[in-house]
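Notes follow the structure.
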């Protein structure tokens, strides 16, 4: 399964026809329900999108908060933004599209309790450990930087 754009541009790469999900479409998976969220160019590819698992409030956020290296715990409550930003600054792979702030707000509206990142550890935080004074830019362009804050605040991890 994938988004409509990925099905259109990459469909011939799959062993069988992909199941293309529309933005906001929910797919029942037995005990679980996942919702597809289109997010073109966030952080890079046109076909970008994310799955949100509703029963556990888990946002499967792919490359959005990538960290370098392979020696990470499976689950962390540590700061994930600074290592991700350090990697992005070293080789800026973000598209910096004009829709980035709106798309980040769209992801934040899911109110995830767990961010399942790849490749990096999953992140779980409580509001009690979050400080809005830790605001940091998440992109190098002023338009995006203005609305981007610490990932935990922005994505409103409960």
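Residue numbers (our numbering): 5 to 162. Glycine residues also receive a C-beta, built at the ideal position from the N, C-alpha and C atoms.
Using a 10 angstroms sphere on the CB of residue 37, the tally of other CB atoms stays under 16, which defines it as exposed. Assigned with DSSP and collapsed to three states, residue 18 falls in coil, not helix or strand. Beta bridge pairing from DSSP links residue 37 with 32. A distance below 7 Å between beta-carbons, with the five flanking residues on each side excluded, links residue 17 to no residue of its chain.
Beta-bridge pairing by DSSP links residue 56 to 39 and 63. In this structure residue 75 is exposed. Its beta-carbon is surrounded by fewer than 16 other beta-carbon atoms within 10 angstroms.
Between residue 5 and residue 23, the beta carbon gap of about 4 Å places them in contact (Cβ cut-off 8 Å). One Cα belongs to residue 100, the other to residue 106, and the distance between them is close to 12 Å. Put simply, the region 43 to 61 does not touch the region 73 to 88. Fewer than three CB pairs are less than 8 Å apart.
When the alpha-carbon of residue 67 is set against those of 57, 87 and 33, the nearest one is in 87. Judged by beta-carbon spacing, residue 120 lies beyond the 8 Å limit of residue 52, meaning their Cβ atoms are not closer than that value. Around the CB of residue 40, 16 or more other CB atoms lie within 10 Å, so the residue is classed as buried.
Spanning the alpha carbons of residue 102 and residue 49 requires a straight line of approximately 14 Å.
Rounded to the nearest angstrom, the gap between the Cα atoms of residue 31 and residue 56 is 10 Å. Of the candidates 11, 122 and 14, the residue whose Cα lies closest to the Cα of residue 73 is 122. The shortest C-alpha to C-alpha distance from residue 29 to any of 14, 98, 93 and 58 is the one to 58.
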